[in-house]
Amino acid sequence: AAETLESALKSVVSAAAAMAAGVAAAGVAAGAAIAGAAVKANECVNVYADFEDSMLQVAATMGITQEEIANGSDAYEKLTNAAKEAGAATRYSASEAGAALNYLALAGYDAEKAVETLPKVLDLAAAGGMELATASDLVTDAMSALQMSTDDLDVFIDQMAKTAQKSNTSVQQLGTAMLECAGTAASTGQDLITLNTALGVLADNGIKSAEGGTHLRNVLLSLSAPNDKANIKLKELGVSVYDAGGKMRQLNEVMADLDKSLSSLTQEGRTNAISDIFEKTDINAVNALLASTSGRFGELSAQIADCSGAASDMAGTMEAGLAGTARSFRSAMEGMQIETGAIFAELKKSLMSDATEVIRSFTKDLQEAGGDWGKISEAVGKAISQAVAMAG
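Below, the structure written as structure tokens:
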């Protein structure tokens, strides 16, 4: 009977020990899970904080006040939702969309106009494999220099995409070139197709990016405001830069007439005539433009004119592969983190605000204590009590 009882007791003790171990293991696992969840939640809060920062920068640039945001500003809500939608649906994150919106704000766009413009800039950036903020800055600067309104945005972006498709340049190189000559193109009355075509022709001849834009600007300036020698030579050749109404003709028309007149000259006469009209540093660009008048300029112009939807199509192609899918996945993940972080953000903000007050109070008490260790001990005790109360 004693042996049976002893055996039974051992079984009970063994079972109890196993249960205790299981409870302990479960506790450790639960603790680890809670700690891990807390870390992940904090990561989400940090992602949300970065996004919120980018949107507050947009608001500040647009002149939306803190009070308006606190009262539920419609403009701020539209901007925030637009950035989130961009992050959820494209390769670009919501934070990147926020940075792009800030460039639009810097260009003077209001909330409604910026929200309307963002998807189109997204297409151009994706088509050119560019950073979204860079594309936004490029578009606003170039359109401003060309004196174009936002109503022209679709055409502007699609023409850029088509030019990059059909000539030896990238969207970013084309945009950089455009920034160098856009003001001169606008002041001389050159239309957008002429500008894109000329830059595309130069790019085909290895003259691209800022270099291409600089040479095109110089060519337009040489023709629109010729020096005395150039003016005489143009008259000798019978080339009219301006029409009967005093408006400068399109570059391709002027260059076609010039090429026709130069064809009757010897090689030496042709070279001297070109040197009389244009700057020597621009001769290669001039020859490329002259050579294009017999076919390439017209061909490329027609392709650029047929540009509807080009940026969107290019963006779709660029994002069709695994890398594009991965980019979209990362963007979607950030969107989830932002929404999750928003849930915990107010709690963290409140805790940090309370902690800040405790720290400031403790710092003030230390300053007042000087070197008195008794007062320092009181300050420490007070701070601990405040911290405990805050935690409770």
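What the sequence shown shows, in the working numbering, is residues 101 to 492, in sequence order. All residues carry an ideal CB built from backbone N, CA and C; glycine is no exception. These numbers come from a predicted model, not from an experiment.
By alpha-carbon positions, which one of Thr297, Leu389, Leu337, Val319 ends up nearest to serine 364?
The candidate whose alpha carbon is nearest that of serine 364 is Leu337.
Ends of the alpha helix (DSSP H) at methionine 278?
Start and end: 271-287.
Could you have a look at lysine 475 and say whether DSSP puts it in helix, strand or coil?
Helix at lysine 475.
Looking at leucine 302: is its Cβ nearer than 9 Å to the Cβ of leucine 292?
Cβ atoms of leucine 302 and leucine 292: not closer than 9 Å.
So for methionine 348, helix, strand or coil by DSSP?
DSSP places methionine 348 in strand when its eight states are reduced to three.
Measuring straight from C-alpha to C-alpha, what distance separates alanine 330 and alanine 286?
One C-alpha to the other measures close to 22 Å.
For serine 225, which residues in the same chain have their Cβ closer than 6 Å to its Cβ, ignoring the five residues on either side in sequence?
The sequence given here has alanine at residue 225, not serine. Within the same chain, alanine 225 has close Cβ partners Leu232, Ala235.
Using 8 Å for Cβ pairs, my map puts leucine 323 next to valine 354. What's the rounded Cβ distance?
Leucine 323 to valine 354, Cβ: 6 Å. Contact.
Can you give me the start and stop residues for the alpha helix (DSSP H) that tyrosine 176 sits inside?
Where tyrosine 176 is concerned, the enclosing alpha helix (DSSP H) stretches over 174-189.
Nearest-angstrom Cα distance between threonine 463 and valine 488?
Looking at the two C-alpha atoms, the distance is approximately 17 Å.
Threonine 284 and serine 493 - do their beta-carbons sit closer together than 9 Å?
Residue numbering for the chain in the displayed model covers 101 to 492; residue 493 lies beyond these limits and cannot be assessed.
Quick check: the Cα distance between alanine 385 and serine 392, rounded to an integer number of angstroms?
When rounded, the distance between both Cα atoms is 11 Å.
Determine the closest residue to alanine 402 out of Gly481, Gly471, Gln259, with distance taken between C-alpha atoms.
Comparing Cα positions, the closest option is Gln259.
Excluding the 5 residues preceding and the 5 following aspartate 472 in the sequence, name in chain order all residues of the same chain whose CB lies nearer than 6 Å to its CB.
Closer than 6 Å at Cβ, skipping near neighbours: no residue.
Might you give, ordered along the chain, the residues of its own chain that have their beta carbon closer than 7 Å to the beta carbon of serine 270, omitting 5 neighbours on each side?
Gly228, Ala264.
Could you check what DSSP says for alanine 342 in three-state terms: helix, strand or coil?
Reading off the sequence shown, one finds tyrosine at residue 342, where the question assumed alanine. Three-state DSSP puts tyrosine 342 in a strand.
In chain order, what residues of the same chain lie with their CB nearer than 6 Å to the CB of aspartate 359, ignoring the 5 residues before and after it?
Cβ neighbours of aspartate 359 beyond the five flanking positions: Leu390, Thr393.
Drop a sphere of 10 angstroms on the beta-carbon of aspartate 237, count the other beta-carbons inside from all chains shown, and report buried for 16 or more, exposed for fewer.
Counting Cβ neighbours within 10 Å, aspartate 237 comes out buried, since at least 16 surround it.
Looking only at C-alpha atoms, which of Asn352, Met348, Thr294, Ile377 sits nearest to lysine 333?
If we check each option's Cα against that of lysine 333, Ile377 comes out closest.
Please report how far the alpha carbon of valine 96 lies from the alpha carbon of leucine 295, in whole angstroms.
Not covered by the structure: residue 96. The range shown for the chain is 101 to 492.
Closest to aspartate 406 by CA distance: which of Val255, Met155, Ala186, Ala189 is it?
It is Val255 whose Cα lies nearest to the Cα of aspartate 406.
So, alanine 388 versus asparagine 305, is the Cβ gap smaller than 9 Å?
Yes, Cβ-Cβ distance for alanine 388 and asparagine 305 is below 9 Å.
Using 9 Å as the threshold, is the C-beta distance between glutamine 437 and leucine 351 below it?
No, Cβ-Cβ distance for glutamine 437 and leucine 351 is not below 9 Å.
Check valine 171 in the structure and name its three-state DSSP category.
Per the sequence shown, the amino acid found at residue 171 is asparagine instead of valine. If DSSP states are grouped into helix, strand and coil, asparagine 171 belongs with coil.
Closer than 6 Å by C-beta to cysteine 281: which residues in its own chain qualify, once you throw out the five before and the five after it? Chain order, please.
Same-chain partners within the cutoff: Gly313, Leu316, Arg317.
Alpha carbons only, please: which of Gln467, Asp454, Glu468, Gly470 is nearest the one belonging to glutamine 486?
Per the Cα distances, Asp454.
Alanine 500 to alanine 159, Cα distance in whole Å?
With the chain covering 101 to 492 only, the question about residue 500 has no answer from this structure.
Drop a sphere of 10 angstroms on the beta-carbon of serine 267, count the other beta-carbons inside from all chains shown, and report buried for 16 or more, exposed for fewer.
Burial call: buried.
Grab me the residues of leucine 156's own chain with a C-beta within less than 7 Å of its C-beta, minus the 5 sequence neighbours each way, in chain order.
The answer is none, since no qualifying residue turns up.
Quick check: the Cα distance between alanine 186 and aspartate 153, rounded to an integer number of angstroms?
Distance between the alpha carbons of alanine 186 and aspartate 153: 17 Å.
Where does lysine 380 sit, in a helix, a strand or coil, going by DSSP?
Three-state DSSP puts lysine 380 in a helix.
What did DSSP end up calling alanine 489 once you bin it into helix, strand or coil?
Note: alanine 489 maps to helix in three-state DSSP.
Between Met248, Ser249, Asp251, Val239, which lies nearest to alanine 261 when the distance is taken from Cα to Cα?
The residue with the shortest Cα to Cα distance from alanine 261 is Val239.
Where does the unbroken alpha helix (DSSP H) through aspartate 254 begin, and where does it stop?
Per DSSP, aspartate 254 belongs to the alpha helix (DSSP H) from 253-266.
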